[in-house]
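Notes to accompany the following structure.
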Amino acid sequence: MNITTFGFECQSNLSTDRLATFNNVLNIVHCASNCNRQPLCHYFNYDTWTKICRIFSDGSIAASNSSTSRVGTVRYIPSLYSSYGQPCASNNCQVNRYLSCNTFNICQCPASQVWYTQMCVADKISHRWNSTGITIAGITGRAGATPTQLNSPTAVTLDSFNAIYISARDSHRVQKWLPGAVNGTTVAGQSNGSSGSGLAYLNKPTGLAVDSNGSIYIADYNNHRIVRWSNGSTIGTIIAGNGTCGSAMNLLCYPRAVTLDPNTNTLFISDSTNYRIMQYLPGATFGTVVAGGNGQGISSTQLMDPRGLHFDSLTNSIVISNGVGQNIVRWVLGSSSWTLMAGVTNVSGGSSIKLLNPADVVLDSTGNMYVADLGNNRIQFFLAGQLNGTTIAGVVSTPGNTSILFNGPAGLALDNELNLYVADLLNDRVQKFLRY
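So that you can map any letter, position 235 of the sequence shown is 235 in UniProt numbering, and since no number is skipped, the others follow by simple counting.
See below:
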């Protein structure tokens with residue numbers, strides 16, 4: 001710990017930063033002890049005249065009107081967090097004020113803290129994203145197939161230039177929106193919104209992914225196939241499925257979503273009506289079941305209406321939005337079962353631990369999770385390893401078309417600054433929520 005000279009005080013940035021106030025504290029050593037017993041405490045302020053001790057999770061040191069006031073700061077350096085992400089079994093974090101053991105028996109940040117760079121810092125979830133969304137594509141409540149309109153957007157993703165790609169399901173096309181543009185450009189399907197089964201057409205595209213070359217991989221839902229549209233192409237190439245609903249290893253049945261391993265371009269497909277996740281290696285004509293495939297059900301070897309997907313390269317796993325199962329699950333590649341990441345299996349609800357028909361999921365680089373909780377009209381944020389979520393956009397069980405509400409949030413994306421993009425299905429728009 002470091003302690004200032006006399007004449008300084010700690011000033012909180014937010015009302016929630018002050019953790020506690022203690023009266024009649026004998027000396028600054030006892031004040032420091034009060035701080036040490038509270039894992040969230042980063043600052044303590046002691047006045048030798050009033051004998052008042054205040055402890056804070058965050059704040060700043062400023063000159064004080066009291067000549068008997070001093071501020072102490074807790075020592076935080078990366079080496080104190082060397083056990084982060086390690087198993088708890090070897091006592092890495094049971095007796096560590098800086099880390100705690102989570103439900104998965106892994107050393108993680110304590111409650112109300114989040115991993116940032118190399119250390120845990122005070123979590124300001126409710127202040128991370130502006131709760132007022134900005135419409136960056138589409139016109140609220142005006143479905144259509146003009147360049148300014150969307151019709152039931154179900155998925156959104158970004159390329160390395162922050163151009164936005166949107167699956168407009170009911171206008172059977174994929175639209176590309178450059179940053180700041182007022183019009184979109186059709187990059188797959190027909191610009192007039194017509195559907196079909198030919199390679200120049202789509203029929204209810206529901207999911208998409210973009211590779212480093214700008215090629216777009218599309219879950220062509222009603223055509224039971226995955227098609228790739230190379231950058232600038234006017235027709236697609238079939239990558240998986242053949243247009244017929246089936247359960248063979250070269251067939252799909254109503255695929256909902258796709259995701260890529262960016263290092264290998266291996267494709268993962270949410271094959272919803274077959275209740276499985278398929279893996280296709282580059283150039284393969286047959287896929288492999290890597291999750292589910294054991295019929296519809298709620299056991300840890302089954303899936304129920306798998307929807308959005310996220311490939312997590314850190315754990316070599318697929319994170320699955322298990323829609324009717326009311327949960328988010330992780331399936332490590334090569335494993336025979338999933339582990340629960342969010343929700344209560346087969347129990348829907350609007351509390352902080354429950355979900356209602358979750359439609360999509362993404363993870364950031366530190367493993368924190370974002371869920372499009374479609375039935376509850378909200379976006380839920382889960383710290384890595386935590387089952388208790390926080391609403392960062394939308395209002396639970398309150399559909400609407402204002403800038404703070406959703407009507408069916410169906411798809412999610414994050415840019416490099418962790419700004420949040422949401423495909424707002426029934427409002428026919430994509431909303432952007434700026435990160436503070």
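Positions of the beta carbon are idealized from the N, C-alpha and C atoms, including for glycine.
Can you look up residue i in the DSSP assignment and give me helix, strand or coil?
| i | result |
| --- | --- |
| residue 452 | Outside the shown range of the chain, which is 1 to 436, sits residue 452, and nothing can be said about it. |
| Ser126 | Low per-residue confidence applies at Ser126: pLDDT is 48, beneath 50, and the placement is therefore not dependable, though the value from the model is reported in the following sentence. Helix, per DSSP. |
| Ala62 | strand |
| Ala209 | strand |
| Val361 | strand |
| Pro255 | strand |
| Tyr217 | strand |
| Gly184 | coil |
| Thr16 | helix |
| Cys31 | helix |
| Tyr81 | helix |
| Thr288 | strand |
| Ser300 | coil |
| Cys88 | helix |
| Leu202 | coil |
| Ser270 | strand |
| Leu355 | strand |
| Leu99 | coil |
| Leu374 | helix |
Report the option in the options whose CA atom is closest to the CA atom of residue i.
| i | options | result |
| --- | --- | --- |
| Ser247 | His224, Thr237, Thr390, Thr148 | His224 |
| Asn231 | Thr244, Gln175, Ser317, Asn183 | Gln175 |
| Leu426 | Ala342, Asp47, Arg142 | Arg142 |
| residue 446 | Thr234, Lys51, Thr185 | With the chain covering 1 to 436 only, the question about residue 446 has no answer from this structure. |
| Asp305 | Tyr165, Ala291, Ser313 | Ala291 |
| Thr73 | Asn151, Arg54, Leu202 | Arg54 |
| Asn325 | Ser335, Thr315, Gly343 | As written in the sequence, residue 325 is Gly, which differs from the Asn given in the question. With distances taken between Cα atoms, Gly325 lies closest to Gly343. |
| Ser64 | Leu80, Arg97, Leu178, Glu9 | Glu9 |
| Gly400 | Ala181, Gly375, Leu383, Ser197 | Gly375 |
| residue 437 | Asn34, Ala181, Thr206, Asp170 | There is simply no residue 437 to check, as the chain begins at 1 and stops at 436 in what is shown. |
| Asn346 | Asp364, Gly334, Val362, Ser321 | Ser321 |
| Ser160 | Pro262, Ser300, Arg276 | Pro262 |
| Ser79 | Leu99, Phe268, Leu303 | Leu99 |
| Asn357 | Ala372, Phe6, Ser365 | Ala372 |
| Ser270 | Leu208, Ala284, Ile3 | Leu208 |
| Thr5 | Cys93, His30, Phe268, Thr68 | Thr68 |
| Arg75 | Thr259, Cys41, Ala137, Ala62 | Cys41 |
| Leu383 | Pro179, Thr154, Thr366, Ile298 | Thr366 |
| Gly198 | Val156, Ser215, Ser397, Asn242 | Asn242 |
| Asp47 | Arg70, Asn36, Ala62, Ser33 | Arg70 |
| Ile218 | Leu178, Gln386, Ala155 | Ala155 |
| Asn222 | Ala32, Ile235, Asn213, Leu202 | Leu202 |
| Phe286 | Thr402, Arg256, Ile238 | Ile238 |
| Leu387 | Leu414, Ser397, Lys354, Asn377 | Lys354 |
| Gln302 | Trp338, Val332, Gly323, His310 | Trp338 |
| Phe56 | Cys31, Asp17, Glu417 | Asp17 |
| Gln86 | Cys107, Arg378, Ala257 | Cys107 |
| Gln118 | Arg128, Ser83, Met1 | Ser83 |
Rounded to the nearest angstrom, how far is the Cβ of residue i from that of residue j, given a contact under 8 Å?
| i | j | result |
| --- | --- | --- |
| Met369 | Ile328 | 7 Å |
| Asn265 | Asp211 | 6 Å |
| Gln190 | Arg173 | 6 Å |
| Gly193 | Asn151 | 7 Å |
| Thr391 | Gln380 | 6 Å |
| Gly133 | Ala413 | In fact, because the Cβ distance is near 14 Å, the residues do not count as touching under 8 Å. |
| Ile226 | Leu267 | 7 Å |
| Asp428 | Gly138 | 5 Å |
| Leu405 | Asn419 | Their Cβ separation, rounded to whole angstroms, is 19 Å, which puts Leu405 and Asn419 out of contact at 8 Å. |
| Ala200 | Ile166 | The pair is not a contact, with the Cβ atoms about 19 Å apart (cut-off 8 Å). |
When DSSP builds the beta bridges, which residues end up paired with residue i?
| i | result |
| --- | --- |
| His172 | DSSP, once it has assigned bridges, lists no residue as partnering His172. |
| Glu9 | Ala62 |
| Gln431 | Thr135, Val422 |
| Ala393 | Ile379 |
| Thr237 | Arg228 |
| Thr73 | Asn2, Tyr43 |
| Trp177 | Ile164 |
| Pro153 | Ala168 |
| Pro282 | Beta-bridge pairing links Pro282 to no other residue. |
| Pro399 | Phe406 |
| residue 443 | With the chain covering only 1 through 436, there is no way to say anything about residue 443. |
| Met369 | Leu363, Phe382 |
| Ser348 | Leu355 |
| Gly189 | Arg173 |
| Ala413 | Tyr421 |
Runs of alpha helix (DSSP H) wholly within the stretch 302 to 343 (minimum 4 residues, chain order): At a cut-off of 4 residues, not a single continuous stretch assigned as alpha helix (DSSP H) sits fully inside the stretch 302 to 343.
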